[in-house]
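In what follows, a single structure is set out as structure tokens and then discussed.
Numbering (our numbering), first residue to last: 207 to 516.
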């Protein structure tokens, strides 16, 4: 059990280092400054969404809609820009819609007393359908150069805006989780919701707020995705939901709630990003990438159970 717990703890660290070493030896293009810059920028959406997924899983809940909602919001953002809306207004519109989707997911889960995986599975189907209906299955190009440059290539203090947004999102989420009463309440709810309720913790309110926060972070991810692709694409994030859940599980979170680490989630997200990048450089089939990610998730879950996880 101790060995399994140690392996579980070391998985994100050892896995990330191992992948970097392997891809460095397997591809001449991996250890390249341009590739690393692209890797970090391209992984921004995954990192931001994984932070929100950490909060959701900490509660013992799940959000299966993130990939579809990112695609839908990127489409709506592109269409707003195409209608001539100023980019700040379009960005605020996307953020508002993301918060609304999160609020709906939270309300249906908490007030409707419906399992979150069913609620978000339904939301995912609706978002996917709307994205394809609104676009006719064709990507919506973005011609606003200011928006594209700002949210993809522009730098502030030597850091790209996507990287800065990741830092701000990580710092804000970490402070909220570790330095506020709300963060302690989330851990208590995930560990034992009934006991937390008896202790006076506003369980229902906190759960809804987490889904709202998830929606906001998904909206940020959609903005970054649209800028990276230069369009709003109905199929923009086919593996994002799997990748975000994998990042959180690799980072040591328990699917049963009460246990999660944002720092290790960040490492898990970077591991998935390196895996995606390296397998593309090696021309490995996309289907094979899903197999590898599935094996990694199962390994992490098995180690959790062997290590005495909840």
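Virtual Cβ for every residue (Gly too), placed ideally from N, Cα, C.
{"Item": "Simplified DSSP state of residue 365, which is helix, strand or coil", "Value": "strand"}
{"Item": "Coil, strand or helix - residue 347 by DSSP", "Value": "strand"}
{"Item": "Integer Cβ distance of residue 261 from residue 420, believed to fall under 8 Å", "Value": "7 Å"}
{"Item": "Neighbourhood of residue 525 by C-beta distance below 7 Å, restricted to the same chain and skipping five residues each side", "Value": "With the chain running from 207 to 516 in the structure shown, residue 525 is simply not present."}
{"Item": "Cβ contact check for the stretch 391-406 and the stretch 461-480: 3 or more pairs under 8 Å", "Value": "yes"}
{"Item": "Residue(s) in a DSSP beta bridge with residue 437", "Value": "347"}
{"Item": "Member of 267, 291 and 355 whose CA lies at the smallest distance from the CA of residue 366", "Value": "355"}
{"Item": "Residue burial classification, residue 412 (beta-carbon count within 10 angstroms, cutoff 16)", "Value": "buried"}
{"Item": "Whole alpha helix (DSSP H) elements within the stretch 269-318, 4-residue minimum", "Value": "272-288 and 293-316"}
{"Item": "Residue 248, enclosing alpha helix (DSSP H) - first and last residue", "Value": "239-248"}
{"Item": "Range of the contiguous alpha helix (DSSP H) that encloses residue 471", "Value": "468-487"}
{"Item": "Exposed unless 16 or more other CB atoms sit within 10 angstroms - verdict on residue 383", "Value": "buried"}
{"Item": "Sequence-distant residues of the same chain with beta carbon closer than 7 Å to residue 380, five excluded per side", "Value": "468"}
{"Item": "Reduced DSSP category for residue 258 - H, G, I as helix; E, B as strand; rest coil", "Value": "helix"}
{"Item": "Residues of its chain near residue 307, where Cβ-Cβ distance is below 6 Å and the 5 sequence neighbours each way are ignored", "Value": "275 and 421"}
{"Item": "Buried/exposed call for residue 452, threshold 16 Cβ in 10 Å", "Value": "buried"}
{"Item": "Under the three-state DSSP convention, the category residue 391 falls into", "Value": "helix"}
{"Item": "Buried/exposed call for residue 496, threshold 16 Cβ in 10 Å", "Value": "exposed"}
{"Item": "Boundaries of the alpha helix (DSSP H) in which residue 236 is found, first to last residue", "Value": "Note, residue 236: premise wrong, no alpha helix (DSSP H); not H, not E."}
{"Item": "Cβ pair residue 433, residue 348 closer than 9 Å", "Value": "yes"}
{"Item": "Residue 487 vs residue 236 beta-carbon contact at 9 Å", "Value": "yes"}
{"Item": "Where residue 517 sits in the DSSP three-state scheme", "Value": "Any property of residue 517 remains undetermined from this structure, which presents the chain solely from 207 to 516."}
{"Item": "Residue 360 - DSSP class collapsed to helix/strand/coil", "Value": "coil"}
{"Item": "Beta-carbon proximity list for residue 503, same chain, < 6 Å, skipping 5 on both sides", "Value": "452 and 455"}
{"Item": "Between the CA atoms of residue 491 and residue 217 - distance to the nearest angstrom", "Value": "25 Å"}
{"Item": "Limits of the unbroken alpha helix (DSSP H) element including residue 446", "Value": "446-456"}
{"Item": "Residue 460 in three-state terms, based on DSSP", "Value": "coil"}
{"Item": "Residue 502 - DSSP class collapsed to helix/strand/coil", "Value": "helix"}
{"Item": "Beta-carbon proximity check, residue 269 vs residue 376, cutoff 9 Å", "Value": "no"}
{"Item": "Residues near residue 443 by beta carbon distance below 6 Å, same chain, minus five either side", "Value": "273, 276 and 277"}
{"Item": "Own chain partners of residue 234 with C-beta closer than 8 Å, once the 5 adjacent residues on each side are dropped", "Value": "none"}
{"Item": "Under 9 Å between C-beta atoms of residue 304 and residue 291", "Value": "no"}
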